[in-house]
Each structure stands twice: as structure tokens, then as C-alpha cells.
Amino acid sequence: MTVKNLLEVFGTWKAEEKPLVVASVFETAGSTYSKTGAHMLINGDGEFSGMLSGGCLEGDLAEHAKIALSSGIPRVVTYDLGDNENELWGLGVGCDGLMHIFLLPIYVEKGYEPFKAIADGLGGDKTLVSITVIESDIDDLPIGTSMVVVDEKLTFSNVDVQFEKEISEIIGSVAVNQKSQTSDFGVGHEHARLLCSVLKPPPSILVLGGGLDAAPVVRFAAELGWKVTLQDHRPAYIEAGDFDKAEKILCVPVDNLSEAVDLNCYAGAIVMSHHLDNDRKYLHQLSQSCVGYIGLLGPLARRQRILQELGEVGRELETRLHGPAGLDIGGRGPASIALSIIAEMHKNLMCESDS
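In the working numbering, the protein residues as written are 30 to 384.
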């Protein structure tokens with residue numbers, strides 16, 4: 030389940046005014062499907078969107094969610110995935126991991142906060158940090174209290190104003206580290222534990238070339254929930270291609286690409302026009318951007334020729350350029366080559382993100 034899918038389901042359930050539970054992983058040990066900061070939604074009917082365990086625990090988790098909704102009280106559920114005794118209950122999945130999950134009920138009467146603020150933030154292109162109190166013996170900071178900050182701007186808070194400044198400092202530190210974690214918060218002898226989640230919108234990628242081999246690239250990227258822009262200067266290629274999964278389709282002259290879109294909005298780009306001069310022009314424009322991953326279709330000799338023709342621009346571009354694009358998985362044919370390209374892009378974008 031992608032971020033895009035999760036937001037779509039939330040929109041549907043919100044419109045139906047269903048009571049919901051936000052399930053969040055806040056601590057793990059050993060081998061687990063999800064790590065700290067992972068989320069899923071569960072409604073009052075036991076339906077869920079997203080997965081925290083790959084499908085092993087979600088049914089049981091839905092039962093705990095119903096209890097949280099009926100009581101209105103957040104709760105913690107712990108799963109020992111290596112506990113053989115749980116096999117009696119159908120939960121002995123044998124992963125030898127431990128997972129602690131926080132269940133936060135949210136209701137239409139309270140505007141579905143804080144998840145509405147999270148959803149609104151993820152609908153844009155900014156990274157956000159959400160803070161949720163998961164343990165507390167501080168009277169004025171109850172369990173379930175939350176803050177959401179999008180691009181350093183506070184978009185939701187039901188935290189007592191006396192604590193906002195100090196918790197905002199924690200948010201700032203988490204935003205710099207770009208890693209979900211739990212943090213301790215103390216007032217005198219009283220203590221609280223905070224789940225600090227770093228949430229990022231789906232990456233936007235640019236596919237430059239609308240040949241037949243571009244269709245599976247667009248399709249696989251969209252399956253991951255990425256926002257795909259397809260560009261080709263030839264209207265016939267656009268019309269003939271299967272690009273329904275692209276969020277945006279451009280048909281502008283090659284030289285005008287950087288004028289038609291803000292290239293800095295894209296995390297990755299794949300250059301695959303199958304035309305030497307056009308590929309060179311695309312790369313020249315991409316070199317002026319901060320696009321982190323740039324893939325170039327074609328053999329190594331072709332890449333070297335283009336870089337040589339680009340001169341100084343080519344030398345500056347070389348550290349970001351992946352060509353031949355794609356992981357070496359023995360791909361043959363459009364689908365397998367597209368798989369290798371998307372896999373390499375995913376590795377580059379996600380590893381960079383996690384670091």
C-alpha cells in the first residue's frame with residue numbers, strides 16, 4: 030500500500046464519516062516487516078489500509094482497534110513475532126522480531142486530527158514531522174496528544190502551549206536527522222515518551238521519452254505510488270503510448286523542458302528519447318537542476334560520447350548520472366529493463382532518504 034493509496038482510502042473513509050484508528054509502529058527489535066514510524070489506518074468495520082506486518086497481524090490488530098474506538102482511549106499492542114506460544118492463536122509467524130504498535134482513535138467530531146493534518150501535508154511536496162505522546166505521567170500532556178509540522182510550519186497541535194516550544198525543538202532535531210524515532214520528554218520528575226515520525230510525500234520522477242519502452246517505466250513507478258511526469262516532443266508518441274498512469278503528460282520542444290516545468294521538483298529522471306541530440310539536450314538542462322538520480326538509457330559508449338560532447342557540463346553531471354540505467358538483473362525486453370531502471374532508482378532514492 031503506497032502513500033497515495035493510503036491518502037485515497039482516508040479521503041473515502043473521511044467522506045463516509047467512519048471512526049478510524051491510526052496504527053503506528055514505535056519500537057521494534059529483531060526482524061520485522063515495518064520499522065519505527067510506519068503507519069496504517071483501520072476503520073470501525075475492521076477494514077484496513079496499509080500493512081505493518083505483511084498481512085500476518087493485521088486481522089488481530091483490527092480487533093484491538095475496535096476496542097480503542099469503543100473506549101476512545103489510545104492503546105499499545107505488542108507482538109512477539111518469535112513467540113511459539115502464539116502459534117496457538119495463529120500468530121506464531123516465526124520472524125524472531127518484536128513490534129510495539131500505538132493505536133490512536135480519531136473521529137469525525139474532532140476533524141480526524143492529527144491524521145488530517147498529516148494527509149494534507151503528504152498531499153503536497155514537503156516533508157513533515159508528526160509527534161504523538163505514547164507514554165506520559167505528565168498531567169497536562171496526556172497520551173495521544175499530537176503536533177504536526179510541515180516544512181517548519183506548525184499545522185496542527187493539541188499540545189498544551191507550555192510544552193510547545195520544547196517539543197518544537199525536538200521536532201527540529203528530528204527533521205534534521207530525517208529519521209523516525211522515539212524521544213524522551215521530561216518536566217521535573219514527570220516523564221513522557223514521544224513518537225517522532227518523519228513522513229515524506231511520494232517522489233516525483235520525470236520520464237523523458239515516450240517510446241514503447243517508456244510505458245512499463247511509467248506503470249511500475251505509478252505502482253509504487255510515485256508521481257510520474259512523461260515528456261515527449263512528438264505528439265504521435267504521446268497518443269500512441271499507454272501512459273494512463275502518468276500524473277502529468279508534457280509535449281513541449283526538447284529545448285523548452287526547463288521552461289515548461291521546475292526540474293528541481295523532481296527526485297529522479299530517466300532520459301530515454303532514443304535520439305542522441307535530444308538526450309544530450311535533456312541532460313544539459315538536468316545538469317542545471319538538483320535532480321538526485323539521472324538515468325540514461327543506452328550502452329556505456331553512448332553515455333561517454335554524450336558526456337564528452339557536453340564538456341564541462343558533462344563532467345559536473347557524471348556523479349549523478351547512471352548509464353546504462355538500471356541494475357544488472359539480466360533484463361531483456363521493455364518490461365524487465367523497466368524493472369531494472371525502477372529498481373535502481375528506488376535504491377538510489379530510498380537509500381539516500383534513509384541516510
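Glycine is no exception: its CB is placed at the ideal position from the N, C-alpha and C atoms.
Quick caveat, the model's predicted, so the values are computed rather than measured.
Item: L110 - DSSP class collapsed to helix/strand/coil; Value: coil
Item: Boundaries of the beta strand (DSSP E) in which V227 is found, first to last residue; Value: 219 to 228
Item: The alpha helix (DSSP H) enclosing V205, as first and last residue numbers; Value: 190 to 206
Item: The region 248 to 255 touching the region 220 to 228, judged by at least three CB pairs closer than 8 Å; Value: no
Item: Where S100 sits in the DSSP three-state scheme; Value: helix
Item: Where D308 falls, given that 16 or more other Cβ within 10 Å makes a residue buried; Value: buried
Item: Stretch-stretch touch, CB-based, cutoff 8 Å, three pairs: the region 123 to 134 with the region 177 to 193; Value: no
Item: Beta carbon proximity, E219 to chain C, threshold 8 Å; Value: Absent from the structure is chain C; it holds one protein chain and no more.
Item: Local conformation of L49 per DSSP, three classes; Value: strand
Item: Cβ neighbours of V203 in the same chain (closer than 7 Å, five flanking residues each side left out); Value: V158, Q210, C225, V227
Item: Range covered by the alpha helix (DSSP H) that runs through N34; Value: 32 to 44
Item: Test item: CB-CB of I299 and A364 under 8 Å; Value: no
Item: For D213: DSSP bridge partner residues; Value: R222
Item: Contiguous beta strand (DSSP E) assignments of at least 3 residues, all confined to the region 228 to 275; Value: 233 to 237, 256 to 260
Item: Backbone secondary structure at N187 - three-state DSSP; Value: coil
Item: Rounded separation between V105 and V179 - CA only; Value: 26 Å
Item: Through-space distance from H351 to T61, alpha-carbon basis; Value: 32 Å
Item: Best match in Q333, G359, F77 for proximity to V51 [C-alpha to C-alpha]; Value: F77
Item: Cα-Cα separation, F55 to I163; Value: 9 Å
Item: Residues bridged to V178 (per DSSP); Value: V158, L183
Item: Inter-stretch contact (C-beta, 8 Å, three-pair minimum) for the region 323 to 339 and the region 266 to 280; Value: no
Item: Contact test: I366 Cβ vs the ligand GTP heavy atom, cutoff 7 Å; Value: Looking for the ligand GTP in the displayed structure turns up nothing, as the structure carries no ligands at all.
Item: Local conformation of G355 per DSSP, three classes; Value: coil
Item: Same chain, Cβ closer than 6 Å to R255, five either side skipped, listed in chain order; Value: What sits at residue 255 in the sequence shown is Trp, not Arg. So the list reads P231, P232, I234, once near-sequence residues are dropped.
Item: Whether P103 touches A94 by CB criterion (8 Å); Value: no
Item: Which of helix, strand or coil DSSP assigns to H304; Value: coil
Item: Beta-bridge pairing of K277 - partner residues as DSSP gives them; Value: T258
Item: C-alpha gap between E116 and C85, whole angstroms; Value: The predicted model places E116 with a pLDDT of 48, which falls under 50 and marks its position as unreliable; any figure quoted below should be read in that light. Going by the C-alpha atoms only, they are around 12 Å apart.
Item: Cβ neighbour criterion (16 or more within 10 Å) applied to D261; Value: buried
Item: Assigned exposure category for P143 - 16 Cβ within 10 Å defines buried; Value: buried
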